[in-house]
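Student:
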Amino acid sequence: MNIYLCYIPIIILAFYYLFNSLVRRNSQTSPPSPATCLPIIGHFHILKEPFHHTLANLADRFGPILSLRFGSRPDLLVSSPSAAEECLSKNDIVFCNRPSGFLTAKHLAFNYTSLIWAPYGPHWRNLRRITTVEILSSNRLKSLAGIRSEEVKLMIQRLRELCGSSSSSEVVLKPLVYDVSMNVMTRMIFGKRYYGVEGENNGEKFREMLAKMLTLFNDACIGDMIPCLRWLDWWKEGRLRKFDVERRMIMKELIEEHKEKMMMVVEDGNEEFKVKPLIQILLRLQELEPEYYNDEIIFGIILDLLIGSSDTSAETIEWALSLLLNHPQVLNKAKHEIHNHVGYERLLNESDLNHLPYLRCIINETLRMYPPAPNLVPHESSENCMVGGYHIPRGTMLQINLWAIQNNPNIWDDPTTFRPERFEGVEGHKIGYKMMPFGSGRRSCPGEGLASRVVGLTLGSIIQCFELDKINFMLVDMTKAVGFNLQKAEPLRALVRPCPAMMSLLDQIVSGIFVQLVASSPLLSLTIIVVFKHHRRFFIDQDPKLLAALAESQRRQAPYAGAFLVKDEADSNTEKNINDLKGKELLNQLHEVGTLAQITSIQGEQVVLIGHRRLRITEMVNEDPLTVKVDHLKARH
1 MNIYLCYIPI
11 IILAFYYLFN
21 SLVRRNSQTS
31 PPSPATCLPI
41 IGHFHILKEP
51 FHHTLANLAD
61 RFGPILSLRF
71 GSRPDLLVSS
81 PSAAEECLSK
91 NDIVFCNRPS
101 GFLTAKHLAF
111 NYTSLIWAPY
121 GPHWRNLRRI
131 TTVEILSSNR
141 LKSLAGIRSE
151 EVKLMIQRLR
161 ELCGSSSSSE
171 VVLKPLVYDV
181 SMNVMTRMIF
191 GKRYYGVEGE
201 NNGEKFREML
211 AKMLTLFNDA
221 CIGDMIPCLR
231 WLDWWKEGRL
241 RKFDVERRMI
251 MKELIEEHKE
261 KMMMVVEDGN
271 EEFKVKPLIQ
281 ILLRLQELEP
291 EYYNDEIIFG
301 IILDLLIGSS
311 DTSAETIEWA
321 LSLLLNHPQV
331 LNKAKHEIHN
341 HVGYERLLNE
351 SDLNHLPYLR
361 CIINETLRMY
371 PPAPNLVPHE
381 SSENCMVGGY
391 HIPRGTMLQI
401 NLWAIQNNPN
411 IWDDPTTFRP
421 ERFEGVEGHK
431 IGYKMMPFGS
441 GRRSCPGEGL
451 ASRVVGLTLG
461 SIIQCFELDK
471 INFMLVDMTK
481 AVGFNLQKAE
491 PLRALVRPCP
501 AMMSLLDQIV
511 SGIFVQLVAS
521 SPLLSLTIIV
531 VFKHHRRFFI
541 DQDPKLLAAL
551 AESQRRQAPY
561 AGAFLVKDEA
571 DSNTEKNIND
581 LKGKELLNQL
591 HEVGTLAQIT
601 SIQGEQVVLI
611 GHRRLRITEM
621 VNEDPLTVKV
631 DHLKARH
């Protein structure tokens with residue numbers, strides 16, 4: 001008897017969903033809906049990977065405005081520019097909320113208080129203002145252009161080293177461009193690198209934390225759609241809780257580290273950064289309003305920025321390079337445009353991008369065919385509204401199938417063909433809702449300006465400096481991976497060799513000295529000499545004031561540290577003890593000296609003290625004759 005009683009709730013639920021689906025089907029004002037809406041699960045059974053293809057096929061059968069139900073959650077699927085415009089323009093405020101009840105958002109977005117998942121209101125508007133003004137505004141991006149330039153230059157160095165001689169080498173390209181996009185963001189936020197060969201020695205925990213967070217965000221939970229089955233997600237919730245504790249510890253360490261640095265800056269009276277990283281701005285706000293800007297709010301802002309930029313730019317560059325390899329005539333046209341405008345004597349910079357319309361057309365066509373998020377992050381209606389003449393009730397989840405819109409043959413001529421020329425003449429003009437890879441309306445991605453700069457500079461620099469070829473003359477596999485983001489199933493491998501016309505400039509970039517500091521003390525202050533034997537004009541400002549200052553420093557007999565090796569990167573067999581460079585021998589070799597300065601390392605942070613000025617080692621201050629660019633200075637404790 002007790003066994004049969006257990007089936008009563010299931011029978012009641014089944015009748016409820018069956019009745020509800022019949023009512024919706026017979027309603028003349030509701031959008032069309034597939035008839036196969038099953039009790040409890042709704043339309044889950046018709047979804048197959050890849051989801052954006054399945055949803056596009058449904059739109060072809062039932063129309064661009066479609067009503068679905070996933071478990072107990074009503075869903076509005078939009079697959080046309082006009083319907084998307086109605087949702088994100090006319091009904092923008094109505095659809096400005098995010099869906100609630102997602103387990104991953106609850107634990108990973110600090111109970112829906114982060115920028116991506118916070119409900120629309122004063123709190124969300126404040127988060128949006130902070131991220132837009134303090135890190136993603138045009139003025140802020142302009143002031144941080146040097147960071148992007150340095151990271152791209154480091155990528156070129158690394159790629160040149162992987163190529164070896166002038167012969168082609170097989171290279172996996174995505175890790176290199178991924179390091180660029182992530183280091184740009186971590187330097188803007190924390191003021192330091194965490195990725196690549198130049199990354200912080202203590203950055204492994206941070207990298208693992210962010211990678212695990214991305215994996216957990218992509219994990220679907222059945223209780224998100226069917227709340228009565230939430231108990232089936234107990235093991236996933238346990239993983240999320242455990243990860244949240246680990247994540248908070250790592251982020252807490254980062255915040256405490258920067259609080260200590262800020263205290264030291266106050267004591268010294270010197271600013272370490274010309275442009276403050278975001279974390280310092282947030283900590284200043286925390287001092288003013290500690291109750292509002294608590295650690296959770298700061299964690300949420302930082303992690304949302306990192307999650308939002310984690311793979312999107314790198315994926316776009318990888319897709320673009322794959323398309324270019326399969327269409328060599330487009331690649332040659334882009335290379336010709338860059339070399340005509342920039343030449344061979346200098347590297348491409350961000351100011352050149354406005355004069356490279358065909359490169360921008362390539363990027364736009366890539367984003368059209370392979371948007372990083374084929375389905376925009378879902379919205380939710382906060383009240384009843386009308387879309388396309390249909391009644392949409394409050395609490396309906398809105399999904400916009402961006403891939404279906406941007407690959408619709410009724411909207412785009414021959415959409416499956418890679419043809420950047422389709423954007424010539426219209427590029428730069430408002431395309432409307434036919435293409436919106438960064439979304440639209442109040443909830444659009446605020447990082448569009450940064451992404452366009454990173455993608456344009458990175459992709460353009462690779463095209464300018466290197467020759468790319470397919471492996472074994474075979475077309476690049478364009479198969480998409482399974483998942484919510486649009487990634488390649490197989491990472492791009494290509495034959496890469498330096499562009500012959502750029503060899504001289506590339507050799508200047510990769511030549512230099514590795515200087516390795518080895519010490520056991522957490523606080524050390526040492527004087528070292530960096531000697532460059534090759535291509536001095538690239539590293540050293542040949543200003544007479546520099547040589548005079550170096551000579552004066554030598555006459556003051558500044559103390560030297562022993563047991564240091566100055567190693568010539570171009571010749572791995574050349575090693576010198578720094579003590580051998582003291583005295584008259586150094587004075588006779590001033591033309592080989594890059595800088596003579598005080599190096600201070602505080603808890604692993606590398607800074608340079610020159611003339612009582614504190615500067616980051618990789619920073620180049622043109623107006624200061626004593627500051628020289630040193631890309632390969634490393635400290636180990």
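Counting from 1, position 573 in the sequence shown corresponds to residue 573 in the UniProt record's numbering; the numbering is continuous, with no gaps. The C-beta atom is built at its ideal place from N, Cα and C for all residues, glycine as well. Given the structure is predicted, the values throughout are model-derived calculations rather than measurements.
1) Is the separation between the beta-carbon of N384 and that of Q399 shorter than 8 angstroms?
2) Tell me, to the nearest whole angstrom, how far the beta carbon of G449 is from that of S149; I am working on the premise that it is less than 8 angstroms.
3) Under a three-way DSSP split, which group does P491 fall into?
4) Check whether the segment 363-373 and the segment 415-427 are in contact - that is, three or more C-beta pairs closer than 8 angstroms.
5) Spatial neighbours of S461 within its chain, please: C-beta separation below 7 angstroms, excluding the five flanking residues on both sides.
6) Runs of 4 residues minimum, wholly inside the segment 86-153: which ones carry the alpha helix (DSSP H) assignment?
7) Do you know how far the Cα of E49 is from the Cα of D219?
8) Name the one or two DSSP bridge partners that F466 has.
9) State the Cα-Cα distance for the pair S168 and R497, rounded to the nearest angstrom.
10) Express the C-alpha separation of L38 and L77 in angstroms, rounding to a whole number.
11) Taking only runs that begin and end inside the segment 389-433, name each unbroken beta strand (DSSP E) of 3 or more residues, in chain order.
12) Around the C-beta of G121, are 16 or more other C-beta atoms found within 10 angstroms, so that it is buried, or is it exposed?
13) Out of curiosity, what's the CA-to-CA distance linking L324 and A83?
14) Figure out for me which residue from Y194, N401 and A35 has the closest Cα to the Cα of K434.
15) Hey, could you find the ends of the alpha helix (DSSP H) P328 is sitting in?
16) Helix, strand or coil for C37, going by three-state DSSP, please let me know.
17) Mind checking whether the beta-carbon of P74 lies closer than 7 angstroms to any heavy atom of the ligand NAP?
18) In chain order, what residues of the same chain have a beta carbon less than 7 angstroms from the beta carbon of V184, not counting five sequence neighbours either side?
19) Can you tell me where the alpha helix (DSSP H) holding C445 begins and where it ends?
20) Between the Cα of L240 and the Cα atoms of G395, H53 and T104, which residue gives the shortest distance?
21) Short check: CB of V476 to CB of N294, under 8 angstroms?
22) Is it a yes or a no for the segment 247-258 touching the segment 221-239, going by three-plus beta-carbon pairs under 8 angstroms?
23) Counting Cβ pairs, one atom from each stretch, are 3 or more of them under 8 angstroms apart for the segment 114-129 and the segment 460-474?
24) For H52, which of helix, strand or coil comes out of DSSP?
25) With H, G and I counted as helix, E and B as strand and the rest as coil, what does DSSP make of P74?
26) Using C-beta distances below 8 angstroms, list every residue in its chain close to D311, excluding the 5 sequence neighbours before and after it, in chain order.
27) Return the CA-CA distance between D414 and K106, expressed in angstroms with no decimal places.
28) In this structure, how does DSSP classify E170 when only helix, strand and coil are distinguished?
29) Can you give the beta carbon distance from E134 to L278, rounded, assuming they're within the 8 angstroms contact cut?
30) Does the Cβ of N340 have 16 or more other Cβ atoms within 10 Å, making it buried, or fewer, making it exposed?
31) Going by beta-carbon coordinates alone, are P64 and S89 separated by less than 8 angstroms?
32) Closer than 6 angstroms by C-beta to S114: which residues in its own chain qualify, once you throw out the five before and the five after it? Chain order, please.
33) Work out the CA separation of T458 and Y292 for me, nearest whole Å.
34) Excluding five sequence neighbours on each side, which residues of the same chain lie with their C-beta closer than 8 angstroms to the C-beta of L283?
35) Quick one: Cα of P175 to Cα of I392, how far?
36) Could you compute how far the alpha carbon of G388 sits from the alpha carbon of P74?
Tutor: In short, the structure shows the following:
1) no
2) With a Cβ gap of about 16 angstroms, G449 and S149 do not count as contacting.
3) Note: P491 maps to coil in three-state DSSP.
4) yes
5) V152, I156, L347 and L348
6) Here the runs fully enclosed are 103-108, 122-134 and 138-143.
7) 15 angstroms
8) P498
9) 4 angstroms
10) 18 angstroms
11) 390-392 and 397-400
12) Its Cβ having fewer than 16 others within 10 Å, G121 is exposed.
13) If I take the Cα positions, the gap works out to 33 angstroms.
14) N401
15) P328 to V342 is the extent of the alpha helix (DSSP H) around P328.
16) coil
17) The ligand NAP is not part of this structure, which contains no ligands at all.
18) I147, R148, E151 and V454
19) Careful: C445 lies outside any alpha helix (DSSP H) and carries neither H nor E.
20) T104
21) no
22) Pairwise C-beta distances place the segment 247-258 out of contact with the segment 221-239, as fewer than three of them are shorter than 8 angstroms.
23) no
24) helix
25) strand
26) Y178, L214, P372, N485 and Q487
27) 42 angstroms
28) In the displayed model, E170 falls within a strand according to three-state DSSP.
29) 6 angstroms
30) Exposed is the call here.
31) no
32) Around S114: G300 and D304.
33) 38 angstroms
34) I255, H258, K259, M262 and I298
35) 44 angstroms
36) 17 angstroms
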